[in-house]
Structures are given as structure tokens and as C-alpha cells.
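In what follows, a single structure is set out as C-alpha cells and then discussed.
Numbering (my numbering), first residue to last: -6 to 450.
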């Protein structure tokens, strides 16, 4: 079997290409540019194109399938050639479904918490010796690739992104997976360039519920009023609905424990939002035969997903964390988690406005009050990012007002870091314990988080 990838260098696309290669399928691909880590990983598996660019002559009748990445445009020469030849063209999620349609599919949807919940489920299944295929949106410790496809696994765990499927398919990705077990972790307006009103955005999750296979299961966060609303308003009687709330827990000496009637289970992760993700994972794992005792034993060794409240470095007086947080609710939840875990410490919180939504004046108002629990609050955005996204300039004073007026706004990441380091020096002089939280879906213009942590500590 031969499969060709148009835009093979994407973070999701190159992982799917590698997964198919590992499954024994002949894979080729093209792209106009590829950066690390995708470049090195494709090269390792012999999948890196010999030259960059689009080459329609490589699209031939003997291809069994073409997988079209979101990075490609509708006038892509290879796409036009594939259409001319009448080849079967799949989007990324369509091909994942094609590879998993005979398996039990657990699909994790939601505006936040998807990657962590997916990672928790995979960690527990691996610990219990249950083979599973998967697609997850971040590199996980102990997993070589972000996609696994096999002939033998009976379960597939899929992180269900609500963004668009491909340039020629405007459906949200998670509408294509047809879950047997569906999870909704939270609903908060995002991707306003695609979903211009909150009602349109929320409706995507209502449709997701309707796409659950008959006799399937919906697992949903009952603490989230919007999730509760779409779940209880749904009239389906051929699925079971399992709501969840935060489990009983205690924090002692900087460690969070699940509190059971007879014992406590220590955790390596912390925060109300992570405990909610854990409950979703527990209910999903029950669907494939994992007992609560097995789940507790496994989850106690879970160290978190990459960049999701990830510890960079700490000592007795300081801890430095980084997090993928960019949505308003995630900022609030992540800062609150740091407050709960380190209640007596000063907290320096830095966030980067990096996504299309976060850099849009209309959406900025959603951030009001989200950083209030931090002692020092820094917000950074790049004028270059605005230009790349073809957005109008932002006035730092407008950004400050949107957050509630109690943040420092920077357009120079180096200046922000210097101010953070000076602040940390003052805390040290006063013998104050403190924590640093760096939040972004970008990287603050290439900051070396490990080097920063070393310097501060």
C-alpha cells in the first residue's frame, strides 16, 4: 500500500506518516518547509523529502491514498493533480478514523485539558498492559511518537481537536471520529476566526454528542456549566451519560493526594483542573475494564504531559514551571493550581498572547481577572505575531485594560525576562519563597526555559 502526504512536515502529519511507516505502509510526502523536530524525525525514518516544494509529478495513479494537511492551500499543485486523477483524498482525521473504524474509539474533546486527559488514559492503559493505538497532541514521556496505529490493538485513544479538518473540509476534526466513548472536559470560546460567536462554537460540542456511536458513552465535566448544558439538553436515549466532578483530595507538604476513605494516593501532578482531567480518565478507563484500584496505582506514577504545568527546575525556595496555557479559563486554572500547591509563596506569572483569538481585540475582554491570584503579572505579545496573522496592531494599554489594569504589558520579551529576574532577586533578598509560571502556546520568542530556571535558582 502507498500513501502520499501533502504537507508532511506538520506536527500531527509527520507523526501519522511515521506511524504508517511503522505499520509497514510505503509513505512519501512533500512540503514547502519543514522544521525540527519534524525534520529530524522524518529523516530518521527515511521519510524526509529530498527537496522542498510541491511536485505534482509525484502524484500518480498507483497511490492508494493521499493525506491532505491543514498547512496546504486549496490551490496546492499536488492536491489539484490528485483531484484530476480521481485519487482518494483523506484529511488527517478522516485517515485516523479509517485506520480505527474497527476499534473501540475513546475521543477526548473540550476547549482545554484534552492532551492531559489523553495522556492520563494512555499512561494507565500502558501500566495495566492494555494495548492501545492513539493520537495525542504533544510528545509524551515513554511514547516515541504522537500517533500509533497497529493491526492488533482493540482500543484507540484520540485527542479530539475542534479546529477545522483540512482546506477542503471545514468540519471540526473531532466530528469525524465517531466515538464509542466521548469525553468533554470544558467549553470556552476559542478559534474565533472559525467560530465567530460563542453559540456557534458551543454547538460544535452539541453535534459531537450526536456523533457518538449507538450504545456509546458520554463522559462530561458537570462543573462546567456549558458542558452541563449541552449534555443535559441532548435527548439521546441510546447512550449512557456519566458526569464527573473534582474528587476529594488534600495537599500536604507540597504534594497532592487523592483522599479515599481508608487511604491516600500521592500524585505527581496537582491543581483542580488536573484532578478533573483525572476523573474523566478514570471513567474512560473503566469502559475498557480498568478497576479503580488499578487506576490509582497507575495514576500515582503519572508525571504530566509535556508543557502542561511542567516543572522545569526547583529547589527549597523556588520552583519554575512552564505551561501551554493560553485560553482565559486555563490561565485562571493554572495560576489557581500554583496557589493551591504553594500557598505561602510569592507567585510570578508570565503569559504570552500568541493565538489568533488571544490577539484579537474583541476576544481580549475574556481575559479580565484571569491573573488576579498572582503577585506579579506579566503579559507579552509580539507585533510580529500580529503581522503574521494579518491582525491590526494592539495598543499595550488596551491589553492592560482588558486584563483589568493590574498587569504589566510587554512587547519586548527580553525586557520582560530582565524584570522577572530583578523581581526574583528582590524576593531572595527578603528571604521569600517564590514560584515562576511561564504560560504560552508559543515560546516567548525562543526563551530557553531551562537556562532561565538555572539563572533564577
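Every residue, glycine too, gets a C-beta built ideally from N, C-alpha and C. Since the model is a prediction, treat every value here as computed from it, not as a measurement.
Distance, residue j Cα to residue i Cα
i	j	result
residue 265	residue 6	33 Å
residue 394	residue 339	24 Å
residue 210	residue 236	11 Å
residue 329	residue 260	17 Å
residue 151	residue 39	26 Å
residue -4	residue 229	38 Å
residue 312	residue 431	11 Å
residue 270	residue -6	38 Å
residue 257	residue 429	29 Å
residue 332	residue 106	19 Å
residue 133	residue 4	14 Å
residue 481	residue 336	Any answer about residue 481 is impossible in this case: the structure gives the chain only from -6 up to 450.
residue 483	residue 378	Absent from the model: residue 483. The displayed extent of the chain is -6 to 450, so no value can be given.
residue 147	residue 351	39 Å
residue 97	residue 12	19 Å
residue 171	residue 398	44 Å
residue 238	residue 420	37 Å
residue 77	residue 19	22 Å
residue 285	residue 275	7 Å
residue 412	residue 318	21 Å
residue 358	residue 344	15 Å
residue 125	residue 17	18 Å
residue 446	residue 366	22 Å
residue 28	residue 189	31 Å
residue 443	residue 212	37 Å
residue 14	residue 141	10 Å
residue 314	residue 422	22 Å
residue 113	residue 410	33 Å
residue 281	residue 391	50 Å
residue 58	residue 216	43 Å
residue 49	residue 88	21 Å
Beta-carbon proximity check, residue i vs residue j, cutoff 8 Å
i	j	result
residue 109	residue 8	no
residue 66	residue 21	no
residue 136	residue 153	no
residue 214	residue 178	yes
residue 516	residue 341	Shown here, the chain extends from -6 to 450; a query on residue 516 therefore has no answer.
residue 99	residue 174	yes
residue 252	residue 241	yes
residue 44	residue 102	no
residue 283	residue 117	yes
residue 249	residue 334	yes
residue 193	residue 223	no
Distance between beta carbons of residue j and residue i, contact taken as under 8 Å
i	j	result
residue 149	residue 93	4 Å
residue 169	residue 86	4 Å
residue 369	residue 389	Wrong, their Cβ atoms sit about 17 Å apart, outside the cutoff.
residue 324	residue 363	4 Å
residue 303	residue 297	6 Å
residue 47	residue 23	6 Å
residue 227	residue 199	7 Å
residue 295	residue 243	With a Cβ gap of about 18 Å, residue 295 and residue 243 do not count as contacting.
residue 539	residue 441	Summary: the structure shown does not reach residue 539, with the chain confined to residues -6 through 450, and so no result is reported for it.
CA nearest to the CA of residue i, picked from the options
i	options	result
residue 191	166, 104, 208, 249	104
residue 131	378, 434, 81, 144	434
residue 448	415, 423, 422, 224	415
residue 80	309, 248, 249, 60	60
residue 278	397, 121, 404	121
residue 26	42, 231, 412	42
residue 165	144, 195, 280	195
residue 233	317, 440, 176	176
residue 145	63, 127, 155	127
residue 220	73, 29, 180, 252	180
residue 424	71, 327, 310, 326	310
residue 321	360, 299, 300, 355	360
residue 72	400, 380, -1, 24	-1
residue 91	143, 436, 218, 45	143
residue 355	443, 184, 281, 307	184
residue 382	358, 283, 29, 186	186
residue 63	2, 343, 33	2
residue 348	222, 33, 384	384
residue 417	396, 327, 450, 114	450
residue 207	123, 141, 231	231
residue 56	89, 15, 82, 287	82
residue 308	247, 391, 346	247
residue 160	408, 69, 123	69
residue 406	299, 346, 396	346
residue 119	410, 288, 95	288
### Query
Can you list the alpha helix (DSSP H) stretches of 4 or more residues lying completely in the segment 196 to 270, in chain order?
218 to 226
### Task
For the segment 312 to 369, list the alpha helix (DSSP H) runs that are entirely contained and at least 4 residues long, ordered along the chain.
321 to 334, 354 to 357
### Length-filtered (3 minimum) beta strand (DSSP E) runs lying within the segment 51 to 105
58 to 61, 82 to 84, 97 to 102
#### Entry: Length-filtered (3 minimum) beta strand (DSSP E) runs lying within the segment 403 to 446
427 to 432
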